[in-house]
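Single-structure report; data block below.
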Amino acid sequence: MLNIRICVGTYCYITGGSDLIKIKDQIPEEIKNKVTFIGSACLGCDEEKETSKPPYAKVGDVLISECTEEKLLNEIYSQLGIER
Amino acid sequence: MLQETNKLFIEVGSYQHNKYGNLVCGDSVLMHKSIKENRTIAVMSDGLGSGVKANVLSTMTASMALNFRIRREPITRTAKTIMDTLPVDSVRNISYSTFTIVDIESDGNAKIVEYDNPSLILVRQNKIIKLDSKNTIIESKLSNTNSENRIIKLSDILLQKEDRLIFFSDGVTQSGIGNWNMPFGWGDEVNEFILDAIKDNIDISARELSRKIVKQSELNDILKPKDDTSCVVFYVREPRKLLICTGPPFTEENDKYLAEIVRDYGGKKIICGGTTSKIISRELNLDILIDLNNVVSPLPPSSKMKGIDLVTEGIITLGSLSSILEQGTPKNLDQKGPHWDMFRMILDADIIDLVAGTKINIAHQDPTLPVELEIRRNVVKKLASLLETKYMKTVNLKFI
Ligand code: FES
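Chains A and B, in that order, give the protein sequences. Heads up, the final residue of the first sequence is numbered 278 in the working numbering, and it's a clean run with no missing numbers. Heads up, the final residue of the second sequence is numbered 417 in the working numbering, and it's a clean run with no missing numbers.
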């Protein structure tokens, strides 16, 4: 199982995180059983200071900044080693 | 940790019903809770007759009585001023409205002033205790007024835990007049009713008891009350406590302190904020679980943490909570979302300990953010004042 953490902290939520969590309901069939979605209270924007680029999500151990549905799916597919 | 208060907690609740067909109530009930002095005051006045005129008389009386009491004006002067100020009824040529004032200090000392309302009742250990009161005549400057009509009853008592003080307008005692089983109205039978209600539910809240009494009077009149009916109840009891922690402490050394406050708190606990919940999770070694399947409101979803009753996002949720609080208690209390969960927990609490961390979240200062985020300190201050003034909660606010 590949863990996908989506940040629902204030900063991410208002910069697009609220849309990101909808992905879990539209996830393609072929990867549906290979991933788990987990919410996160904050993935660490508070530590990055100046360079923060929300919203954040994490696929496995890889942190994705300015995360979009596109970016997230790409990372998931690449880590699962499946052609998209 | 947080300052423990062994002071008596006083819950006050009231309920009113208008005379059948009347839009305004001729009785007025006003309450005041001073947090600084830990003092609770309630006043009830019944204006002569019913309708708008009665309402004006009783409102004037109640607000004068309350404000004089807050400023600790001598009782006799208060009573005299009220009686001399009220406008004279042109039909009956008397100026008249009754009042009962109850003023309870932090140590449980209660001052009770009664003028022509049905006698106040003290219930202690499920018995009605007779108050030891003395009568005082309020002199009038007008020689033609009958001083027999100007007798007030004063009592001083020391309240104990689990005591209840109950008082009501004559709409209660006179309800049911003419019914075969109560030709002269409910009268003293109400005492039995009160004792039974407490026996049935030993923890019955002040609000609930006052409602029950008024509802029964309404039933006595077969749902068409012949007079305005009001009841006020004080209940001295163990307070229900609620802790709300929001925001990371100003310095990191205080993270541990915050966690200890949360761990050792005796009452319900809410953590409000992502960074804050991360701190607690780290310090107390507790997992945070966010259920993404349960997103029901426009707000970020709440999380679960062992031993914590509610974990939510911070500033947006607090903002929504404060708009709910501002609008006043709605009819429908079952609405969904973390802010509603919080609201319900707040309604159930008597003492609310608000612990607000003051560290600024750098990320929130981003000028390109699509939503303007309020400053935590301001939101928390606003919450505290709403809870105190509008919801009569005892609030302890602590910035760390
Ligand atoms: S709020 Fe999303 S990373 Fe901090």
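Just so it is clear, CB atoms sit at the ideal spot from N, CA and C, and this is done for glycine as well.
- Distances taken from the Cβ of Cys-42 of chain B to the heavy atoms of the ligand FES include none shorter than 8 Å.
- Residues of the region 292 to 303 of chain B whose Cβ lies closer than 7 Å to any Cβ of chain A, in chain order: Thr-292, Ser-294, Lys-295.
- The beta carbon of Leu-338 of chain B sits no closer than 9 Å to any beta carbon of chain A.
- Per DSSP, the unbroken alpha helix (DSSP H) holding Asp-101 of chain B starts and ends at 92 to 102.
- Listed along chain A, the residues sitting closer than 7 Å to Pro-318 of chain B by beta-carbon distance are Val-202, Gly-233.
- Secondary structure within the region 29 to 80 of chain B: the beta strand (DSSP E) runs of 3 or more consecutive residues, fully enclosed, are 44 to 51, 56 to 64 (chain order).
- Residue range 126 to 132 is occupied by the beta strand (DSSP E) that includes Tyr-132 of chain B.
- Residues lining the ligand FES by the Cβ criterion, that is a Cβ closer than 5 Å to any of its heavy atoms, are A:Cys-201, A:Gly-203, A:Tyr-205, A:Cys-206, A:Cys-236, A:Leu-237, A:Cys-239, A:Tyr-250 in chain order.
- For Asp-213 of chain B, there is no enclosing beta strand (DSSP E); the enclosing alpha helix (DSSP H) covers residues 206 to 217.
- The region 377 to 403 of chain B is shown to contain no whole beta strand (DSSP E) run of 3 or more residues.
- A distance below 8 Å between beta-carbons, with the five flanking residues on each side excluded, links Asn-72 of chain B to the following residues of its chain, in chain order: Val-41, Cys-42, Gly-43, Ser-45, Gly-64.
- Here Ala-366 of chain B carries a coil assignment [DSSP, helix/strand/coil].
- Residues of the region 206 to 221 of chain B whose Cβ lies closer than 7 Å to any Cβ of chain A: none.
- Per the Cβ contact rule, the region 133 to 146 of chain B is in contact with the region 169 to 179 of chain B (3 or more Cβ pairs under 8 Å).
- Looking at B:Glu-209, B:Ser-172, B:Thr-117, B:Ile-332, the one whose alpha-carbon comes closest to that of Cys-206 of chain A is B:Ile-332.
- Between the region 383 to 393 of chain B and the region 342 to 362 of chain B there are fewer than three C-beta pairs closer than 8 Å, too few to call the two in contact.
- Below the 7 Å Cβ cutoff, chain A contributes Tyr-205, Cys-239, Asp-240, Ser-246 as neighbours of Ala-380 of chain B, in chain order.
- For Ala-251 of chain A, the uninterrupted beta strand (DSSP E) segment begins and ends at 251 to 253.
- For a Cβ distance threshold of 8 Å, residue set Leu-386, Pro-387 of chain B lies close to Thr-209 of chain A, ordered along the chain.
- The beta carbon of Glu-54 of chain B sits closer than 8 Å to those of Glu-122, Ser-123, all from its chain and outside the five residues before and after it, given in chain order.
- For Val-231 of chain B, the closest Cβ of chain A is not nearer than 9 Å.
- Cβ neighbours of Ala-79 of chain B within its own chain (closer than 6 Å, five residues either side excluded): Ser-45, Leu-47, Val-60, Ser-62.
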